[in-house]
Amino acid sequence: MKTVEEQITIIRRGAVQIIPEDELREKIKRSIDSGVPMRIKYGADPSAPDIHLGHTVPLRKLREFQDLGHLVVFIIGDFTALVGDPSGKSKTRKRLSSEEIMENARTYQEQVFKILDREKTEVVYNSSWLSGLTFPDVIDLTSRYTVARMLERDDFSKRYKGGKPISILEFLYPLMQGYDSVAVKSDVELGGTDQTFNLLVARDIQREYGETPQAIVTLPLLEGTDGVQKMSKSLGNYIGVSEPALDIYGKLMSISDDLMWRYFELLSARSMAEIEEAKLECASGTNPMVWKKKLAFEITERFSSAPEAGTAREQFESVHQKKEIPEEMATVQVSAAEVSGGIDIITLLRRAGLVNTNSEARRKIQEGAVRINNKKIFEHNAVIPVKDNDIIRLGKRNFRRLVL
RNA sequence: GGGGAGAUACCGAAGUGGCCAAACGGGGCAGACUGUAACUCUGCUGGCAAUGCCUUCGUAGGUUCGAAUCCUGCUCUCCCCA
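Using our numbering, the letters of the first sequence correspond one by one to residues 156 to 559.
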């Protein structure tokens, strides 16, 4: 068992804030003395089943807590998802059916346990306590917090000042999350910095219900592959942990050199000392690509396997560095009858799923982005004689192999 | 309950009777460049049987030779007052 200070050091690495640190120390000490592990709460929204590298930042921190002997209480926010979160810009965010939620929760867990230790994880659904609350219970809960305090939340106050709508339901969310903490009796809760407000509300709610408030550990939000906005599926700048090894590797290689160091800090298992060393090395002339490949390999391996990551690296090198055509690619099946006497290029591109409309196909052809077997096609009414195994290419990185 | 403002393409935002498939910016895609799928530069970015035609400016009607633009109802949002 590690000492309090040793544990704090591990917890602090990569964390943005620990609120309040002395309370956390106290909790760790009590845990050591009593031999009872701390209960570390983490909530997940099962509306999007694909977890990406951004989610893995807190997950890795949870794993560190587990390795220190503590228990993770993983809350699936099925009740939350059932109600449907109206926050943000998407006005008509759909409400999920309970079947969808259960399915998402299942795939979610599959992915989460690539990182977490199953033995030290308690998975719970917040519907099991939230759906049982009566309206008087809800009134009691809402009476314990004020509108002014709600408006302290950054995005609420911004929207309020900017004349953007805020639904009452959104005010309820922090309260529901806080109630979750009461229900699971959490000692510590983890979340991204965007969750700071909700995590703090939970402390107040716990106190209101006569419990000892949880300590809070906030973690940075990982920037997406664009290097600017936070990684999110809706922004399309994410790297999913269940993506094919080649995609994970390739997307990691596409990040900027600056962002690479950020990823090293937040995702890599390498020590900070080693990372600093690498930075110096690059500053003195080493091609950053060398280190980017190491990062890409490490992360790809984590979510697939060493052989798969190796294959991904080879393919990347062959396609992007030697400009060769990848060995493996998506295929498109056509019947021999369809292509006897050739097939017109627009139809071919659409059949291959490389474009969505004929107009788009014409544009791409004009731009010189279309190749068949590495030969550029410029005629948008060209009729192409094709055969089995021909390769259709759009741009640098979209390939389809034709199968008759 | 009363008064006012608004809803435009993936997002933000201009346009206020014909020159509007709709400026500009962001995003996306492509081309050039590159160690790179980064940066930068350039082009494209509603659809189609394509020098034309069709659909689109919250929604349903109306006025007009002609409507994103004017009128009316409806839906939704914001602000002020009570």
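Ideal placement from N, C-alpha and C gives every residue a C-beta, glycine not left out.
What residue does the beta strand (DSSP E) around residue i start on, and which one ends it?
{"i": "Phe-229", "result": "226-231"}
{"i": "Thr-486", "result": "485-488"}
{"i": "Glu-274", "result": "Where Glu-274 is concerned, there is no enclosing beta strand (DSSP E), given that its DSSP letter is neither H nor E."}
{"i": "Gln-172", "result": "172-174"}
Output yes or no for whether 8 Å exceeds the beta carbon distance between residue i and residue j.
{"i": "Gly-169", "j": "Leu-421", "result": "yes"}
{"i": "Val-339", "j": "Lys-196", "result": "yes"}
{"i": "Gln-332", "j": "Ala-370", "result": "no"}
{"i": "Ile-403", "j": "His-207", "result": "no"}
{"i": "Lys-385", "j": "Gly-209", "result": "yes"}
{"i": "Val-343", "j": "Leu-509", "result": "no"}
{"i": "Asp-177", "j": "Arg-218", "result": "no"}
{"i": "Lys-449", "j": "Arg-468", "result": "no"}
{"i": "Leu-324", "j": "Leu-296", "result": "no"}
{"i": "Tyr-364", "j": "Val-337", "result": "yes"}
{"i": "Ile-430", "j": "Phe-419", "result": "yes"}
Using the DSSP secondary-structure output, state which residues sit across from residue i in a beta bridge.
{"i": "Ala-370", "result": "Val-343"}
{"i": "Val-525", "result": "Leu-549"}
{"i": "Met-531", "result": "Looking at the sequence shown, residue 531 is not Met but Lys. Answer by DSSP bridge pairing, in chain order: Arg-526."}
{"i": "His-207", "result": "Gly-395"}
{"i": "Tyr-197", "result": "Phe-229"}
{"i": "Arg-556", "result": "Thr-486 and Ile-546"}
If residue i sits next to residue j, beta carbons under 8 Å apart, how far is it from one beta carbon to the other, in whole angstroms?
{"i": "Ile-256", "j": "Leu-237", "result": "6 Å"}
{"i": "Thr-486", "j": "Val-558", "result": "5 Å"}
{"i": "Leu-214", "j": "Ile-270", "result": "4 Å"}
{"i": "Val-278", "j": "Phe-229", "result": "5 Å"}
{"i": "Arg-555", "j": "Ala-507", "result": "4 Å"}
{"i": "Asn-259", "j": "Ser-202", "result": "7 Å"}
{"i": "Glu-334", "j": "Ile-360", "result": "For clarity, residue 334 is Tyr in the given sequence; the question names Glu instead. Tyr-334 to Ile-360, Cβ: 6 Å. Contact."}
{"i": "Val-227", "j": "Thr-276", "result": "5 Å"}
Can you tell me where the alpha helix (DSSP H) holding residue i begins and where it ends?
{"i": "Ile-163", "result": "159-167"}
{"i": "Phe-458", "result": "443-458"}
{"i": "Thr-348", "result": "Per DSSP, Thr-348 belongs to no alpha helix (DSSP H) and is neither H nor E."}
{"i": "Lys-434", "result": "427-438"}
{"i": "Glu-255", "result": "253-267"}
{"i": "Ala-400", "result": "400-408"}
{"i": "Gln-470", "result": "461-471"}
{"i": "Val-302", "result": "302-305"}
{"i": "Thr-289", "result": "No alpha helix (DSSP H) contains Thr-289, which DSSP labels as neither H nor E."}
{"i": "Leu-421", "result": "412-422"}
{"i": "Lys-477", "result": "Note, Lys-477: premise wrong, no alpha helix (DSSP H); not H, not E."}
{"i": "Asp-310", "result": "309-316"}
Does the contact criterion of 3 or more C-beta pairs under 8 Å hold for the region 375-393 versus the region 347-362? yes
Indicate whether the contact test is met: 3 or more Cβ pairs, each with one atom in the region 489-507 and one in the region 533-548, closer than 8 Å. yes
Does the structure place the region 460-474 close enough to the region 414-430 that three or more beta carbon pairs sit under 8 Å? no
Touching or not, the region 516-525 and the region 433-448, by the rule of three or more beta carbon pairs under 8 Å? no
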